[in-house]
Amino acid sequence: MTMAGDGYFLYHSIGQYPGKATDMAAAMADFSVAWGSANDAQWGYALGKRQEFIAQWSALIGAANGTLTTTENVTASLYSLMGSLPRNTLTGKKVLVAGDCFPSVHFLLAGLAPRLGFELVTVPLRQGATWAEDEDIIGHWGPDVGVALLTWVSSTSSHRSDIAALVAHGHAQGSVIGVDITQAAGLLPFDVAKPEVDFAISTSLKWMCGAPGAGILYVKPDLIGICAPEFRGWFSQPDPFSWDFDAFAYAPDIRRFDNGTPGVVAALASLPAMHWLMAQDRAALLAHNRRLGAQVLAGVDALGLALASPRKESERGGSIMVRLPDTVAAADVLGAFRAADIFADARGQVLRLSPGVMTTDAGVSRMLKALGEALAQ
Ligand SMILES: Cc1ncc(COP(=O)(O)O)c(C=O)c1O
16 MTMAGDGYFL YHSIGQYPGK ATDMAAAMAD FSVAWGSAND AQWGYALGKR QEFIAQWSAL
76 IGAANGTLTT TENVTASLYS LMGSLPRNTL TGKKVLVAGD CFPSVHFLLA GLAPRLGFEL
136 VTVPLRQGAT WAEDEDIIGH WGPDVGVALL TWVSSTSSHR SDIAALVAHG HAQGSVIGVD
196 ITQAAGLLPF DVAKPEVDFA ISTSLKWMCG APGAGILYVK PDLIGICAPE FRGWFSQPDP
256 FSWDFDAFAY APDIRRFDNG TPGVVAALAS LPAMHWLMAQ DRAALLAHNR RLGAQVLAGV
316 DALGLALASP RKESERGGSI MVRLPDTVAA ADVLGAFRAA DIFADARGQV LRLSPGVMTT
376 DAGVSRMLKA LGEALAQ
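First residue of the sequence shown: 16, per the numbering used here; consecutive thereafter.
Structure (structure tokens):
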């Protein structure tokens with residue numbers, strides 16, 4: 016007898032919580048009624064919901080009013096930010112990123128480098144390693160680094176960077192420091208002021224349990240004032256209805272990072288998950304993840320699998336990632352899992368296992384049994 020979601024290990028990808036489908040359906044039905052009514056109440060409703068989403072996210076990461084806005088995804092957040100920075104932070108400077116960053120942000124930065132005139136420096140992983148060491152990042156980080164993008168928790172190892180140490184070093188170098196918080200937002204506590212970061216980017220997927228298309232961009236108040244986003248439009252202004260071609264003006268706050276009509280649907284569809292998350296005892300959610308994570312760790316050790324994640328809990332996000340032997344096809348393991356109502360994924364030979372709120376002890380046992388059987392095939 017299995018319980019719905021007890022064998023779900025995909026919280027690094029799409030988070031689930033009990034009642035999510037029903038809550039989302041109700042939110043989307045409300046939206047459909049509001050949007051499909053032949054009156055003039057649509058925008059008040061939709062922009063109000065978007066503001067609620069912004070308020071929830073701001074509360075979660077300690078962002079002050081007017082410092083956080085919506086984007087389509089993490090890559091779009093970074094694009095908007097990079098195109099807004101004063102040129103003297105980029106031209107002739109280095110932009111620092113580590114080799115275990117999310118590939119999409121690397122693709123973006125590599126494409127922007129020639130046009131914006133910076134050198135992209137990618138901190139390499141050590142021989143055989145699955146994440147970049149903080150000390151290697153620091154070793155590559157001098158005063159010639161204009162911007163650094165840190166990955167809080169890596170998507171292929173769940174390695175958790177020591178953001179406090181990295182930020183302390185980076186500020187001494189005078190760099191603009193951003194953090195991609197996607198892989199642990201909603202699971203581990205994060206506060207944009209502790210330590211103070213210049214910008215933060217995320218989606219609402221993964222542990223946040225939201226919908227695709229609901230990205231966010233946070234920018235520190237005094238950085239906002241010197242940013243001039245090239246991706247701008249009528250919604251970047253204090254008053255979107257100021258339509259004089261010759262009188263464009265940036266809003267004083269984060270709204271300057273908006274552009275055209277905001278896509279409100281993804282934010283609206285993510286709101287039930289945000290309300291659910293904010294009403295939870297998040298320390299208890301983390302404790303549940305840690306307890307099941309320890310069981311997964313013990314189980315994969317017993318199966319003799321090589322760990323792709325740090326062994327120490329304090330150096331990890333919410334996932335346990337393991338390297339499958341080359342003799343075993345990841346697709347076969349995932350197929351065996353699926354047949355047993357267990358859901359995980361793999362990047363190459365790295366199996367990603369992320370227990371969340373709906374995963375249970377019994378689910379972990381079933382997963383380890385299925386994994387053992389798949390390895391023995
Ligand atoms: C660390 C990290 N950053 C970013 C993303 C997603 O980027 P985007 O929203 O641009 O698709 C992911 C998704 O897995 C991720 O793990």
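Glycine included, C-beta positions come from ideal geometry on N, C-alpha and C.
- Counting of Cβ neighbours within 10 angstroms places Ser219 among the buried residues, the total reaching 16 or more.
- Only exposed fits Asn54, as fewer than 16 other CB atoms lie within 10 angstroms of its CB.
- At the C-beta level, Leu386 and Ala61 stay beyond 9 Å of one another.
- According to DSSP, residue pairing for Leu25 in a beta bridge involves Ser369.
- DSSP places Lys235 outside any beta strand (DSSP E), giving it a letter other than H or E.
- In this structure, the C-beta of Leu300 stays at least 8 Å away from each heavy atom of ligand 1.
- Inter-residue distance for Ala56 and Val311 is about 50 Å (C-alpha atoms, whole angstroms).
- Checking the 8 Å criterion, the Cβ of His27 is within range of a heavy atom belonging to ligand 1.
- Asp115 and Trp146 have their C-alpha atoms spaced approximately 6 Å apart.
- Arg338 is bridged by DSSP to Ala321 and Val365.
- Membership of Val280 in the alpha helix (DSSP H) is indicated by the continuous run Val280 to Ala294.
- In this model, Glu148 and Ser285 are separated by some 34 Å (Cα to Cα).
- For Ser217, the enclosing beta strand (DSSP E) begins and ends at Phe214 to Ser217.
- Ala226 has its alpha-carbon roughly 32 Å from the corresponding atom of Ser257.
- The secondary-structure analysis by DSSP pairs Lys64 with nothing; it has no beta-bridge partner.
- Measuring C-alpha to C-alpha distances from Ala200 to each of Pro158, Ala128, Arg297 and Val343 identifies Arg297 as the nearest.
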